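First comes the structure, then the notes that go with it.
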Amino acid sequence: MEWEWRGKNDCEHSKAQHSELTPINSQPTNPSNPHQHFCGTAFCNVLKDETCHPKIIAAGALGPLMSLSLDEHMAGDLELATSLAFALYNISCGGIDAITACLEGGIIKCLVKFSEHDSLSIRERVAASVCSLALSKYVSKTGESIVQMMISQNVLEAIMDMMDSKEEIESMPEVTQQCVTALAIVAHDPVSHDTIVNRGCVETLINLGNMTNDTETKQVCAVVLSVLTYGEKSLNRLIEMKGLEAIIRLSSEKDTLTRQHCAVALCNISENGAGVLEMLEENVGMVEVLSKLSNTYSEEAQQDCAKCLCNLSSIANKSVMLNKHGAVHALMMIAMVRR
Amino acid sequence: MCAETLANLSTFTDLVEILVDNGAIKMLVDLCAGENKEAKVSGVGVEGKK
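Those sequence lines, one after another, are chains A and B.
Residue numbers for the first sequence follow my numbering, so the first one is 1 and each next one is one higher.
Residue numbers for the second sequence follow my numbering, so the first one is 1 and each next one is one higher.
Right under this line is the structure:
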């Protein structure tokens, strides 16, 4: 089945509205260069205008912007750090030339550093910047894709660290949304799947699917989990880590896209030997799950539910149990709608 | 004062292009580098009418 990524609008188009920053009155924290405090605000504001990006880059602004973002004194100055995070986001929303310049100038290193910051708005901008960069078509001079570049520079770890605690997921849904969106974009490139498995992302996603109450996060979580069911290694890890439970939970959402991706994931799990056996365990109630999931206007979701029922029925000695739970009725309902 | 003024002016969207076209980024780069070049206003003052 084709998987189509639908990028979040705010990753692609929106600009930081940083003019709401409080009037400049806080004190610089770097005594050796008191200008830096205000330079951050200026960087953020001038980079809001995408048409100015070429001139700003030509004037050599990216070097100082990156240096300032990595400066030890910067982190203690919340207003400066916030301005710089917004500045990095604004440049990451630029055209491919601006993105190329900032990637070659070291923006990923800066974003990884900012991802460790305590501030909610800074971390949210980091994740949004990662989304924006990951959606670009950048390829390095050595042929490295943007996803490969991000993986090699520990972006996955940074994303994971931003959504690894229940408290953070509950208190900062915006950050989690952006993080999981970034992960979805990265996961869309199959090159990333091994790394995603090796770095524990599957476990984090399963936890997220099991605990989040945010509708948008659930939607994107379903997207990533379904994408990961396409790769053998990631599918095996997903089954091994009891990802089925998380997908079943997500499948009860009303949102059509979420349901479609859950159907894809369930269909793919049912094609796996260990997966189908887990689905057939009595306490899972798979037939009931599929009956509810197929109650949708989405033809794709209904097809995937039907395929999943077909795979379940291929296991010897399970047909009676399936029938007892209403598998035939579910299939008939799908067939009646999709004659 | 230069950095603070530049930061304040840049909050006005209409001024950003003018600032960029008139060397503000070069000044910003210098300020970041710690080159403490405070603005020296030059030019001829306008005398008031007597």
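Just so you know, even glycine gets a beta-carbon here, dropped at the ideal spot from N, CA and C.
Predicted model only: the values in this text are computed from it and were never measured.
For residue i, tell me which candidate among the options has the shortest Cα-Cα distance.
i, options, result
"histidine 117(A)", "Ala81(A), Lys141(A), Arg237(A)", "Ala81(A)"
"isoleucine 239(A)", "Cys221(A), Glu271(A), Glu157(A), Lys218(A)", "Glu271(A)"
"lysine 218(A)", "Val276(A), Ser294(A), Leu47(A), Thr256(A)", "Thr256(A)"
"alanine 33(B)", "Asp49(A), Val46(A), Pro64(A), Asn198(A)", "Pro64(A)"
"cysteine 179(A)", "Asp97(A), Met149(A), Cys221(A), His188(A)", "Cys221(A)"
"leucine 293(A)", "Ala263(A), Leu183(A), Cys267(A)", "Ala263(A)"
"alanine 335(A)", "Gly105(A), Ser145(A), Asp304(A)", "Asp304(A)"
"serine 319(A)", "Leu280(A), Glu288(A), Val289(A), Thr296(A)", "Leu280(A)"
"leucine 322(A)", "Gln302(A), Met332(A), Gly285(A)", "Gly285(A)"
"alanine 184(A)", "Ser171(A), Leu225(A), Glu203(A), Thr204(A)", "Leu225(A)"
"valine 186(A)", "Leu135(A), Thr296(A), Thr204(A)", "Leu135(A)"
"aspartate 77(A)", "Ser119(A), Ala58(A), Glu104(A)", "Ser119(A)"
"isoleucine 96(A)", "Tyr138(A), Phe114(A), Leu70(A)", "Tyr138(A)"
"glutamate 104(A)", "Ser140(A), Ser83(A), Ile122(A)", "Ser140(A)"
"glutamate 203(A)", "Leu244(A), Leu309(A), Glu299(A)", "Leu244(A)"
At which residues does the alpha helix (DSSP H) containing residue i begin and terminate?
i, result
"alanine 335(A)", "327-337"
"arginine 199(A)", "Per DSSP, arginine 199(A) belongs to no alpha helix (DSSP H) and is neither H nor E."
"aspartate 97(A)", "96-104"
"cysteine 93(A)", "Careful: cysteine 93(A) lies outside any alpha helix (DSSP H) and carries neither H nor E."
"serine 226(A)", "215-228"
"threonine 41(A)", "36-46"
Using DSSP bridges, identify the partner residues of residue i.
i, result
"serine 145(A)", "Val139(A)"
Could you tell me how far apart the beta carbons of residue i and residue j are, in whole angstroms, since I believe they sit closer than 8 Å?
i, j, result
"alanine 85(A)", "valine 130(A)", "12 Å between Cβ atoms; not a contact."
"serine 145(A)", "aspartate 189(A)", "7 Å"
"valine 112(A)", "valine 155(A)", "7 Å"
"methionine 211(A)", "isoleucine 269(A)", "Their Cβ separation, rounded to whole angstroms, is 20 Å, which puts methionine 211(A) and isoleucine 269(A) out of contact at 8 Å."
"valine 16(B)", "asparagine 295(A)", "In fact, because the Cβ distance is near 52 Å, the residues do not count as touching under 8 Å."
Under the three-state reduction of DSSP, which class applies to residue i: helix, strand or coil?
i, result
"methionine 162(A)", "helix"
"isoleucine 315(A)", "coil"
"threonine 256(A)", "helix"
"aspartate 21(B)", "helix"
"aspartate 30(B)", "helix"
"glycine 273(A)", "helix"
"histidine 188(A)", "coil"
"lysine 113(A)", "helix"
"methionine 1(B)", "coil"
"histidine 53(A)", "helix"
"leucine 80(A)", "helix"
"histidine 73(A)", "coil"
"phenylalanine 12(B)", "coil"
"asparagine 295(A)", "coil"
"leucine 156(A)", "helix"
"leucine 6(B)", "helix"
"methionine 172(A)", "coil"
Exercise. Mind listing which residues of the stretch 60-82 of chain A have their C-beta closer than 9 Å to chain E's C-betas, in chain order?
Worked result: Note that chain E does not occur in the displayed structure, where the protein chains are A and B.
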